[in-house]
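Engineer: Dropping a structure here in structure tokens format, bear with me for questions.
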Amino acid sequence: MAAAALVTAAGALTFVPRWQLASLNPGEAQIVRGTLALPALQRRAEATRDRAAYLAWGKAAFDSGQYGQAVTAYGNALKLDPRQPEALRRLGILLLTRPGQPEGQTAANPEDARQAFLLIRTAAQLAPKEPESQLLLGFALARFGQDADALRALERYRTLDPAGREADELITAIRARQNETDPGLRVYAASCASCHGPVGGGGAFGPSLRVSTLTREALRDIILHGKGAMPAFPDLKAADLNAMLTVLERWQKAGP
């Protein structure tokens, strides 16, 4: 509430007293500072028409929730550098999700949504090791119903930024949907995910199953009888085992 009140008043102020900033948590204080900086950043960008100035304006606007300004700033940055990853992915996610629009006007039409997704995907291709690239790609893929690909992107985000928590809720939701519709994933989640990772990419105790070259029968034997440090699961029902083996084969074909 305190941050919202200060941000609302930001248009009439050029500073916020330190004692007021001290009452906010670090994230809220940063939002307020960013909002207060927007007029100067906008003036500088419009005066210089410099790519870095547009990016600085866009970043401050995006981070402080002034999404209309962010669209303008990042759009102008892309006119100067069409391959700038931050501008591509952030403009893409704003055009796809349309935050701040009146209720009932938040859905992009199919063609606009497709173009927005292309911006996000291009950014991920240009900067695959930037955590935000994978995070926003995962969000976009999930929005288009591509849960498996979305989950892979979000897991890459977690690998690149182990402290990042932005994807937690979406990952949980995707896994819940998958477990409801795919019995193999449900069995895997209950029996194997704690060691081999939620999508078979490897975990604290088990190797990646996506790079495995074992045949279906070899996998069946190891699951039923165990091997090395891996415990046996002799009580798995045949239908559950076959469903999970189908998942493992699908992951092998998809790769890391």
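Taking our numbering, the leading residue of the sequence shown gets 182, the next gets one more, and so forth.
Virtual Cβ for every residue (Gly too), placed ideally from N, Cα, C.
Note that the structure is predicted; figures quoted are calculated from it, not measured.
1. According to the Cβ coordinates, are R391 and G381 closer than 8 angstroms?
2. Which term fits A239, buried or exposed, when burial requires 16 or more other beta carbons within 10 angstroms of its beta carbon?
3. What's the gap between the Cα of T229 and the Cα of A242?
4. Here's a check: name, in chain order, each residue in its chain whose Cβ is nearer than 8 angstroms to the Cβ of Y144, leaving out the five neighbours to either side.
5. Pick out whichever of Q250, V428, D244 and Y235 has its Cα sitting closest to the Cα of P179.
6. Please return the same chain residues whose Cβ sits closer than 7 angstroms to the Cβ of A203, not counting the five positions on each side in sequence.
7. Can you tell me whether DSSP reads K408 as helix, strand or coil?
8. Closest by CA to S375, which one among T340, M411 and E361?
9. Tell me which same chain residues have a C-beta within less than 6 angstroms of the C-beta of A218, skipping the five on either side of it?
10. Could you give the uninterrupted runs of the alpha helix (DSSP H) lying entirely in the region 318–350, keeping only those of 4 residues or more?
11. According to DSSP, simplified to helix, strand and coil, what is F414?
12. Would you mind sorting A420 into buried or exposed? The rule is 16 or more other CB atoms within 10 Å of its CB.
13. Can you tell me the Cα-Cα spacing of A399 and Q306, whole angstroms?
14. Would you say E311 and P266 are within 8 angstroms of each other, going by their C-beta atoms?
15. When DSSP labels each residue in this structure, what does G256 get in the three-state scheme?
16. Between the alpha carbons of R214 and Q223, how many angstroms are there, rounded?
17. Heavy atom of the ligand NAD less than 7 angstroms from the Cβ of A221, yes or no?
Structural biologist: On the basis of the data shown:
1. In the sequence shown, residue 391 corresponds to position 210, counting from 1. In the sequence shown, residue 381 corresponds to position 200, counting from 1. Closer than 8 angstroms, so yes.
2. The residue given as residue 239 occupies position 58 in the sequence shown. Note that residue 239 is Gly in the sequence shown, not Ala. G239 is buried by the Cβ-count criterion.
3. Here residue 229 is taken as the residue at index 48 of the sequence shown, counted from 1. Here residue 242 is taken as the residue at index 61 of the sequence shown, counted from 1. Computed Cα separation, rounded: 18 angstroms.
4. Residue 144 lies beyond the residue range present for the chain, which begins at 182 and ends at 437; the question has no answer from this structure.
5. With the chain covering only 182 through 437, there is no way to say anything about residue 179.
6. Start at 1 with the first residue of the sequence shown, and residue 203 comes out as number 22. Annotation note: pLDDT 48 at A203 (below 50); position unreliable, no value reported.
7. Indexing the sequence shown from 1 puts residue 408 at position 227. Note: K408 maps to strand in three-state DSSP.
8. Taking the first residue of the sequence shown as 1, we reach residue 375 at position 194. Checked all of T340, M411 and E361; the closest Cα to S375 is M411.
9. The residue labelled residue 218 in the question sits at position 37 within the sequence shown. Cβ-Cβ distances below 6 angstroms link A218 to A241 in the same chain, with the five nearest sequence neighbours on each side left out; the list follows chain order.
10. Listed in chain order, they are 328–341.
11. Walking along the sequence shown from the start, residue 414 turns up at place 233. F414 falls in the coil class under three-state DSSP.
12. The residue labelled residue 420 in the question sits at position 239 within the sequence shown. Exposed: under 16 other Cβ atoms inside 10 Å.
13. Position 218 of the sequence shown, counted from the start, is the residue given in the question as residue 399. Position 125 of the sequence shown, counted from the start, is the residue given in the question as residue 306. So the two alpha carbons sit approximately 36 angstroms from each other.
14. Taking the sequence shown and counting its residues from 1, the one referred to as residue 311 is at position 130. Taking the sequence shown and counting its residues from 1, the one referred to as residue 266 is at position 85. Closer than 8 angstroms, so yes.
15. Position 75 of the sequence shown holds residue 256. Note: G256 maps to helix in three-state DSSP.
16. Numbered from its first residue, the sequence shown carries residue 214 at position 33. Numbered from its first residue, the sequence shown carries residue 223 at position 42. Their backbone Cα atoms lie some 14 angstroms apart in a straight line.
17. With respect to the ligand NAD, the structure shown offers nothing to examine, as it has no ligands at all.
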